[in-house]
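Student: Handing you this structure, nothing more for now.
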Amino acid sequence: MNEKELKKIERKFAKAKSIHCLKLLKEVNVSNVPRLQYNPDEDTVTSPSRIICFWKQGEFARIIK
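In this text, residue positions in the sequence shown follow the numbering used here: the first is 33, and each later residue adds one.
Structure below.
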């Protein structure tokens, strides 16, 4: 994944307050996530802690709020 694709995902979730996390499989608050990062070993885009998953192998997390 290149920087342009990562920025596109960041813009998609920029105003999100909560999402249905693809890793935890539940609603999580994302209002304080400062930035996103790509993890090539898992093919995911997550929070810096790698706990909250916004994108996984082509699938976007559902924005709840």
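We treat Cβ as the ideally placed atom computed from N, Cα and C, and that holds for glycine.
Alpha carbon to alpha carbon, how far is E35 from Q89?
Tutor: C-alpha of E35 to C-alpha of Q89: approximately 16 Å in a straight line.
Student: Can you grab the Cα-Cα spacing for the pair L38 / Q69, in whole Å?
Tutor: 8 Å
Student: Could you compute how far the alpha carbon of P72 sits from the alpha carbon of N64?
Tutor: 24 Å
Student: On a Cα-Cα basis, can you pick out the residue from E91, D75, H52, I41 that is closest to I84?
Tutor: The shortest C-alpha to C-alpha distance from I84 to any of E91, D75, H52, I41 is the one to H52.
Student: Apply the 10 Å Cβ neighbour rule to L54 and answer buried if 16 or more other Cβ atoms are within range, or exposed otherwise.
Tutor: buried
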